[in-house]
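Residues 11 to 263 (this note's numbering) make up the sequence shown, in order. Shown next, in structure tokens, is the structure this report addresses.
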Amino acid sequence: MALEMKFGGDPKQLRTLGVLGVILLVILYFNYFSGPDSSTPTTKRTAGTNTAPQMNLPSTTDIAARKTTEAKKRIQVDRRAQEFRPRVGPARPEDRPDPMTVDPTLRLEKLTRLEKIQITGGSRSLFDFSNMPSSSSSTVAKIIPSPKKSPVAPKPFIGPMNKPPDPPKLVAAAPIAPPIPLKFYGFTSAARGANKKGFFLDGDDIVVASEGDVIKARYKVIRIGLTNVTMEDTQFKQQQTLPIVPDNSSGGI
11 MALEMKFGGD PKQLRTLGVL GVILLVILYF NYFSGPDSST PTTKRTAGTN TAPQMNLPST
71 TDIAARKTTE AKKRIQVDRR AQEFRPRVGP ARPEDRPDPM TVDPTLRLEK LTRLEKIQIT
131 GGSRSLFDFS NMPSSSSSTV AKIIPSPKKS PVAPKPFIGP MNKPPDPPKL VAAAPIAPPI
191 PLKFYGFTSA ARGANKKGFF LDGDDIVVAS EGDVIKARYK VIRIGLTNVT MEDTQFKQQQ
251 TLPIVPDNSS GGI
């Protein structure tokens with residue numbers, strides 16, 4: 011019995027295999043190619059476990075301050091280079107003459123010889139600035155003064171004159187009353203503090219007066235206190251305060 015071999019397949023089987031192959035490719039794509047981005051965990055791991063030393067880079071403020079300082083130094087160097095500093099004598103110390111070997115003698119014969127030398131080539135001294143060189147062709151400007159004008163007399167004033175201001179009035183100072191010639195050495199009062207009576211010395215005389223009384227027809231008792239009394243000079247309308255003074259002759263208050 012001869013076996014018949016068939017190459018190929020049924021079209022239905024081929025379509026089924028094609029659909030299965032497409033599904034397999036889609037599954038492989040989603041599993042291996044469309045997963046989460048691998049850069050994100052790498053970045054997080056690097057940020058969390060990075061122990062490498064970081065370089066301290068200069069900030070913008072430090073760079074600007076450094077540039078400003080360098081510019082100022084450059085300007086100072088340029089100014090020093092532009093300044094003119096004349097130097098007297100040689101620069102090296104070994105080339106300078108020893109002042110102890112210099113002869114300070116004044117040679118008058120050399121000065122006389124210089125005075126006898128005649129300078130030719132000009133008649134004007136280089137050191138005389140007042141004398142201008144004479145020249146016939148040069149014109150000298152002349153200043154012509156303007157004609158003098160006669161002074162104009164002021165116009166006479168016609169009209170009423172203003173009244174001068176009144177002088178300031180001097181206000182006389184109020185006279186000051188002389189001290190009251192009385193001594194207050196004590197007082198007495200009733201049980202409730204009313205009707206106080208003060209004791210005064212007028213020389214060797216003792217005067218007793220209450221508040222409101224007038225002593226010697228001039229000094230009025232205004233108020234009697236514990237340590238002083240207020241009096242009024244009725245002639246000058248001024249008040250004075252007399253402190254209490256113990257009477258030594260009678261042994262105190």
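Cβ coordinates follow ideal geometry from the N, Cα and C atoms, glycine included. Remember, predicted model here, so these are calculated numbers, not experimental data.
Pick from the options that is closest to residue i, judged by C-alpha positions
{"i": "Asp215", "options": "Asp223, Lys230, Tyr195, Lys206", "result": "Tyr195"}
{"i": "Gln248", "options": "Ile254, Lys230, Gly235", "result": "Lys230"}
{"i": "Pro256", "options": "Leu34, Asn205, Phe197", "result": "Phe197"}
{"i": "Leu236", "options": "Ile254, Ile168, Val224", "result": "Ile254"}
{"i": "Val2", "options": "Val217, Lys193, Ala200, Gly213", "result": "This structure does not reach residue 2, given that the chain is present from 11 up to 263, and the question cannot be answered."}
{"i": "Val191", "options": "Thr130, Lys22, Ile225", "result": "The identity of residue 191 in the sequence shown is Pro, whereas the question assumes Val. Taking only the C-alpha atoms, the option nearest Pro191 is Ile225."}
{"i": "Pro189", "options": "Leu124, Asp176, Gln250, Pro109", "result": "Gln250"}
{"i": "Asn205", "options": "Gly213, Val218, Asp212", "result": "Val218"}
{"i": "Pro4", "options": "Tyr42, Asn172, Gly222, Asp243", "result": "Outside the shown range of the chain, which is 11 to 263, sits residue 4, and nothing can be said about it."}
Classification of residue i by the beta-carbon crowding that lies within 10 angstroms, buried from 16 upward
{"i": "Val241", "result": "First, the residue type needs correcting, since residue 241 is Met and not Val in the sequence shown. Met241 should be labelled buried."}
{"i": "Ala266", "result": "Residue 266 lies beyond the stretch modelled for the chain, which goes from 11 to 263, so this question has no answer here."}
{"i": "Ile85", "result": "exposed"}
{"i": "Val98", "result": "exposed"}
{"i": "Gly28", "result": "exposed"}
{"i": "Ile234", "result": "buried"}
{"i": "Lys54", "result": "Residue placement at Lys54 cannot be trusted, given a pLDDT of 44 that sits under 50; what the coordinates show is reported in the next sentence. So Lys54 ends up on the exposed side."}
{"i": "Phe137", "result": "exposed"}
{"i": "Leu34", "result": "exposed"}
{"i": "Ala101", "result": "exposed"}
{"i": "Gly288", "result": "Because the chain spans 11 through 263 in this model, residue 288 falls outside it and cannot be assessed."}
{"i": "Ala227", "result": "exposed"}
{"i": "Ile153", "result": "exposed"}
{"i": "Leu252", "result": "buried"}
{"i": "Ala81", "result": "exposed"}
{"i": "Leu30", "result": "exposed"}
{"i": "Thr26", "result": "exposed"}
{"i": "Phe40", "result": "exposed"}
{"i": "Leu210", "result": "Rather than Leu, the amino acid found at residue 210 in this sequence is Phe. Burial call: buried."}
{"i": "Asp88", "result": "exposed"}
{"i": "Asp20", "result": "exposed"}
{"i": "Thr130", "result": "exposed"}
{"i": "Thr59", "result": "A caution first: Thr59 carries a pLDDT of 45, below 50, which makes its placement in the model too unreliable to give a value."}
Integer Cβ distance of residue i from residue j, believed to fall under 8 Å
{"i": "Phe246", "j": "Ala187", "result": "4 Å"}
C-beta neighbour in chain B for residue i, strict 8 Å
{"i": "Lys159", "result": "As a matter of chain content, chain B is missing from the structure shown, which is built from one protein chain."}
* At least 3 beta-carbon pairs within less than 8 Å: the region 153-161 vs the region 178-185 -> no
* Scan the region 151-215 and note each continuous beta strand (DSSP E) run of 3 residues or more that stays entirely inside, going in chain order. => 193-198, 207-212
* Asked: Can you list, in chain order, the stretches of the beta strand (DSSP E) that have 3 or more residues and sit fully within the region 78-132?
  -> none
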